[in-house]
Amino acid sequence: MAKDRPGLNTICTHIGEIEDTQFHGAVSPIYPSSSYAFMDVDVKRYPRYFNTPNQEYLAKKIAALEHAEAAMIFGSGMAAISTTMLSFLKAGDHVVVQKDIYGGTRNLIEEHFANFNIDYSFTDGLGIAHFESAMTDRTSMIYIETPSNPLLKLVDMFAVAKLAKNNNCMTVIDNTFATPIIQNPIDFGIDLVVHSATKYFGGHSDICAGAVAGSQEHMDSIWRMAKSLGGSLSDYTVWLLERSMKTLVVRFKAQQRNARKLANYLNGHEAIERVYYPGLDNHPSHEIAVSQMRGFGAMMSFDLIDSIDAKAFMNALKLIKPSMSLAGIESTVLLPAVASHALLTPEERKSQGIGDNLIRFSVGIESRRDLEADLEQAIVAVSQGALN
């Protein structure tokens, strides 16, 4: 940690606060106005310009967490991702995309990039040689997501950043699963970091938002595109997000402690075919995780054995909730094949290792023993002799 950089809890609690100079309240006031003065002012503020007081100050918190010069808040993670990519890609450009990425991002690329005459290649694997072989003389961006959704696959950020710089192209990473609490891609040479702030930044399953952080020069370019696309966020939601981020560290670390123990519990269980968690020694990218992360996160996935019906298993859970999103304080499970990656074809899902019995598990802050007991009783309830 830089000597002049506050600790993570201090950043989350205090950086980006708006001082209440009128009534001296302990929390940031909300500035809900959609119309501000324009005469004799230093800054012409407007919600679509991403510079209302609440937008501006929360961006400072996110930038500080990501070791970036600047940041912006968006209406969703996909708004942040699409605006970032379209800010730098133009007709005739080529982008190299990690094979394993969030289904919504892949859909954006496959469904819409052709309309902009932007070419792309998905890597065949996650090693640096796969990225290098996918590049062309028109490659201007490499896009990665590590750990990936939903199989928690990892990419060597330093190697990707070095490859990009040697070929005069930029790098963008989705850092949603890791969060800046355990991973800072900019420190490894990555140019831009995007987040679905709906997830760990919000943390209570009641906010939809996105974020991007990077150098001031890059953020200026994104701002010019963003104010035209209009993906800004309501100041009421910005205020809620700032409130939620005050507890990001304590929430995330509690979730991570539970995840580490539950991954060990599930690993080797007779009803589980395989567990995907970077903290396990048998994870194929465990060494990469150790080298570039300060923890292993609170997300995991696991394959149930074929004789157990995944939907029946989820219906049998009593405490853990089947739910579309992730990273809330409550534990949730999801079937990627019918939810997060439903937009992909069966062949595309199969190529990424996403089977019909794959369960994505977002670990919450509940008692670990209660979560373990719930998983066990659900397995017993649906096994019906499958384990005999």
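All residue numbers for the sequence shown refer to the working numbering, where the first residue is 91 and numbers rise by one. By construction, the Cβ of each residue, glycine as well, lies at the ideal position given by its N, Cα and C atoms.
Count the other CB atoms within 10 Å of the CB of residue i; is the residue buried (16 or more) or exposed (fewer)?
i	result
residue 289	buried
residue 401	exposed
residue 308	buried
residue 188	buried
residue 478	Because the pLDDT at residue 478 is just 47, under 50, the model does not fix this residue reliably, and the value given afterwards should be weighed accordingly. By the neighbour-count rule (16 or more Cβ atoms within 10 Å), residue 478 is not buried but exposed.
residue 91	Here residue 91 scores only 46 on pLDDT, less than 50, and its place in the model should not be relied on; the value that follows carries that caveat. Residue 91 comes out exposed.
residue 122	exposed
residue 358	exposed
residue 202	exposed
residue 291	buried
residue 117	exposed
residue 137	buried
residue 104	exposed
residue 134	exposed
residue 451	buried
residue 474	exposed
residue 217	exposed
residue 373	buried
residue 314	exposed
residue 381	exposed
residue 95	exposed
residue 127	exposed
residue 223	exposed
Could you round the C-beta distance between residue i and residue j to whole angstroms and report it? I think they count as a contact, below 8 Å.
i	j	result
residue 304	residue 164	About 14 Å; that fails the 8 Å criterion.
residue 242	residue 443	Not really, about 11 Å apart at Cβ, beyond 8 Å.
residue 426	residue 244	With a Cβ gap of about 18 Å, residue 426 and residue 244 do not count as contacting.
residue 392	residue 356	5 Å
residue 180	residue 106	Not quite, the Cβ-Cβ distance comes to about 33 Å (not below 8 Å), so this is no contact.
residue 339	residue 271	6 Å
residue 464	residue 410	5 Å
residue 383	residue 416	At roughly 18 Å, the Cβ-Cβ gap does not stay under 8 Å, so residue 383 and residue 416 are not in contact.
Taking the alpha carbon of residue i as the point to measure from, which residue in the options has its own alpha carbon closest?
i	options	result
residue 453	176, 364, 293 and 468	293
residue 108	325, 136 and 291	325
residue 479	246, 276 and 233	Outside the shown range of the chain (91 to 478) lies residue 479, about which nothing can therefore be said.
residue 287	281, 190 and 295	295
residue 39	398, 456 and 329	For the chain, the structure presents residues 91 to 478; residue 39 sits outside this window and is missing.
residue 284	234, 365 and 352	234
residue 312	207, 208, 474 and 171	171
residue 219	254, 198 and 228	254
residue 331	263, 179, 473 and 120	120
residue 198	173, 221 and 217	173
residue 414	130, 423, 407 and 406	423
residue 348	396, 460 and 371	460
residue 448	381, 365 and 376	365
residue 466	126, 408 and 246	408
residue 262	178, 377 and 223	178
residue 342	140, 273, 127 and 462	273
residue 481	215, 166, 110 and 209	For the chain, the structure presents residues 91 to 478; residue 481 sits outside this window and is missing.
residue 318	462, 139 and 384	139
residue 176	205, 115 and 217	205
residue 102	217, 439, 269 and 110	269
residue 403	386, 438, 436 and 446	446
residue 209	412, 192 and 227	227
residue 97	126, 334, 386 and 157	157
residue 396	360, 375, 418 and 376	360
residue 149	224, 323 and 221	323
Name the DSSP bridge partner or partners of residue i?
i	result
residue 366	391
residue 227	In the DSSP output, where bridge partners are listed per residue, residue 227 has none listed.
residue 121	DSSP lists no partner for residue 121.
residue 162	302
residue 450	391 and 424
residue 185	210 and 231
residue 261	232
residue 411	422
residue 282	262
Looking at residue i: is its Cβ nearer than 8 Å to the Cβ of residue j?
i	j	result
residue 168	residue 194	yes
residue 159	residue 153	yes
residue 398	residue 472	yes
residue 229	residue 257	yes
residue 279	residue 251	yes
residue 420	residue 394	no
residue 406	residue 468	yes
residue 144	residue 182	no
residue 212	residue 239	no
residue 281	residue 260	yes
residue 302	residue 161	yes
residue 370	residue 344	no
residue 351	residue 458	yes
residue 298	residue 166	yes
residue 192	residue 264	yes
residue 72	residue 387	An answer regarding residue 72 cannot be provided, because it is not within the stretch 91 to 478 covered by the chain.
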